[in-house]
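What follows is a short report on a single structure.
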Amino acid sequence: MERLLQIGVCVTHSLLLLLILQPPLNYAQVHVHHQSRNSMASPDSNNVAEFSRRLATFSINVYNKLITQKPNQNIIFSPFSIQTCAAMARLGAVGETAAELDRGLGLISNNEAQIAESFHNVLATYENSSILHIANKIYIMTGFQLKDDFSSLISKQFLSAVEPVDFSKNVEAAGKINTWVEQRTNNLIKNLISPSALGQDSRLVLINAIHFKGNWVHQFPEHMTHNEPFHLNDADSIEVPMMNLKKRFRYANLGDLDATALELPYKDSDLSMLIVLPNSKTGLSQLEEKLRSTPLSQITGALYSTDVIVKLPKFKSEFEVELTETFKQLGMTHLFSNDADFSKMLQSPEALKVSKIIHKAFIDVNEKGTEAAAATDIEVCVKSCIISLVEPIEFNVDHPFIYMLVHQQSLPLFLGTVVAT
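Residues -28 to -1, 1 to 393, numbered by mature numbering (1 follows the signal peptide of the UniProt record, and there is no 0), are exactly what the sequence shown covers, in order.
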């Protein structure tokens, strides 16, 4: 396996294409209906914990659809990226199109301003981060203008730039979009969109891109990496580069899930990788089923600090999926149909619908990471110097597992599974 130079590198983005498709709807009727829905705004719009809980539920819902759509594959996706991109479209939606997105995405409110504010709370946190970069962008067909309210929410709350582009010149337009994506992902993902996906009927392209690159607090010594078996099932195994480390980590024995969990923190960050390992070599499917009804906060709340001997394979995963069918299975169908109503987006009276939702992600995990250094938290230093009389726990990731990149408040930015390395 090729030697990797970076650890914990996650790159992902989502893309929405909105195309003109049907005659205008009756805006007066839609407006009245939409106003009545806004009066039902949730009181939890500023509650980050509630936002995290809802995102975690959405994450598992999408994950369960993806493992059916892409069986026996390593999966990596960003539920936050998908939700953010779709939420931008939601701000321009009306009526049943908006209602389905509210329910399917698990949004914290059905009021546009409160939806936007809930995402802003997260986006603003990482606006100046050196290791996690989140960027939103809207490309609009030359000659068209966004409605003022929609434009204001997108730019101020979602921190999104808006740029005109002539989609009829599809090769040039695709090149411009792909160049922006490459720049925002450190050139790790290229050719996200093909020219054939664009044309003279294209009106809007909404993009969210996330790039994460971080160093472990406790790096794995390279000389301790050896080829060891990774069990695909009870009978078959493959040799993989297995990293080894003994340190003090947060760990949990999850009896109800028949699994254990380990948190691997990143340096100078409130982010960490959470690994959930089934006790059985063939227990991944049962774990996936149990996670449907297990809040992420229940897992993170069970973690405690102890000495752990960690065996973790180096792995790299790339994943691309068209999410139209996934959204439909989650009850979001109107946005793809001729009944879609995104009349709060454009100043011109044109009806729009979503033609595609493309999600592409990449993760690369190994021993060290980049050379960028920063001061080590003194609390970590103290913990690492404690002499424990308790036998260390063994956490041997030698069979299929689930992992997440999570914020300290149990907000999942990435979710994936490794069934083979």
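For glycine and all other residues, C-beta sits at the position ideal for the given N, C-alpha and C. Small disclaimer: the values here were computed from a predicted structure and weren't measured.
Residues in its own chain within less than 8 Å of residue i by CB, not counting five upstream and five downstream?
i: Leu77; result: Phe30, Gln55, Ala58, Ala59, Arg62, Met304
i: Leu27; result: Pro51, Phe52, Gln55, Gly78, Leu383, Pro384
i: Ile39; result: Ile47, Glu260, Thr389
i: Lys218; result: Asp279, Val280, Ile281, Val282, Pro364
i: Asp127; result: Sequence check: residue 127 is Ser here, not Asp. Same-chain partners within the cutoff: Ala133, Val134.
i: Phe122; result: Leu63, Gly64, Lys316, Met317
So, are the CB atoms of residue i and residue j less than 9 Å apart?
i: Leu256; j: Leu246; result: no
i: His183; j: Asn150; result: no
i: Asp370; j: Pro201; result: yes
i: Ala133; j: Ile165; result: no
i: Asn251; j: Ala231; result: yes
i: Arg25; j: Ser269; result: yes
i: Met376; j: Phe367; result: no
i: Leu318; j: Gln191; result: no
i: Phe287; j: Ile210; result: no
i: residue 397; j: Thr296; result: The shown model of the chain, from -28 to 393, leaves out residue 397, and the question about it has no answer.
i: Asn142; j: Ser168; result: yes
i: Gly67; j: Asp313; result: yes
i: Tyr223; j: Trp188; result: no
i: Phe373; j: Leu263; result: no
i: Met196; j: Pro285; result: no
i: Asn225; j: Ala274; result: yes
i: Ala333; j: Phe291; result: yes
i: Ala65; j: Lys300; result: no
i: Leu95; j: Leu125; result: no
i: Ile80; j: Glu154; result: no
i: Asp228; j: Thr266; result: yes
Buried or exposed for residue i, going by 16 or more other Cβ atoms inside 10 Å?
i: Ser90; result: buried
i: Thr298; result: buried
i: Pro43; result: exposed
i: Gln129; result: buried
i: Ala69; result: For the sequence presented, residue 69 should be read as Thr rather than Ala. It counts as buried.
i: Asn205; result: exposed
i: Asn338; result: buried
i: Glu194; result: exposed
i: His198; result: exposed
i: Asn163; result: exposed
i: Gly186; result: buried
i: Asn100; result: exposed
i: Ser320; result: exposed
Starting from the C-beta of residue i, find all residues in its chain whose C-beta is less than 7 Å away, skip the five residues before and the five after it, and write them out in chain order.
i: Val20; result: Asn93, Gln381
i: Asn33; result: Leu302
i: Asp242; result: His379, Gln380
i: Gln172; result: Phe139, Ser140
i: Trp152; result: Lys109
i: Tyr98; result: Leu104, Ile106
i: Thr254; result: Asn205, Asp206
i: Lys119; result: Lys316, Met317, Leu318, Gln319
Terminal residues of the continuous beta strand (DSSP E) containing residue i?
i: residue 480; result: Because the chain in this structure spans residues -28 to 393, residue 480 falls outside the shown range and cannot be described.
i: Ile329; result: 323 to 337
i: Ala375; result: Residue 375 is actually Tyr in this sequence, not Ala. 373 to 379 is the span of the beta strand (DSSP E), which, as asked, contains Tyr375.
i: His203; result: 198 to 203
i: Leu243; result: 243 to 250
i: Ala233; result: 231 to 237
i: Phe367; result: 365 to 368
i: Leu385; result: 384 to 390
Which residue comes first and which comes last in the alpha helix (DSSP H) that contains residue i?
i: Ala274; result: First-last for Ala274: undefined, no H or E at that position.
i: Glu290; result: Here Glu290 belongs to no alpha helix (DSSP H); instead the beta strand (DSSP E) covers 287 to 294.
i: Glu260; result: 256 to 263
Quick one: what's got a C-beta closer than 6 Å to residue i's C-beta in the same chain, skipping five residues either side?
i: Glu135; result: Tyr111
i: Val293; result: His331
i: Thr114; result: Pro136, Asp138
i: Leu307; result: Thr69, Val326
i: Ser289; result: Asn46, Ile48, Ile335
So that I know if they touch, is there some Cβ in chain D lying closer than 9 Å to that of residue i?
i: Asn187; result: Of the chains in the structure shown, none is chain D; there is only one protein chain.
### Within the stretch 111 to 178, ranges of the alpha helix (DSSP H) (whole runs, at least 4 residues)
120 to 128, 142 to 156
### Completely contained alpha helix (DSSP H) runs for the stretch 29 to 54, where each covers 4 or more residues
none
### Query
Mind pulling the alpha helix (DSSP H) runs of 4 or more residues that sit fully within the stretch 48 to 113?
51 to 62, 67 to 77, 84 to 97
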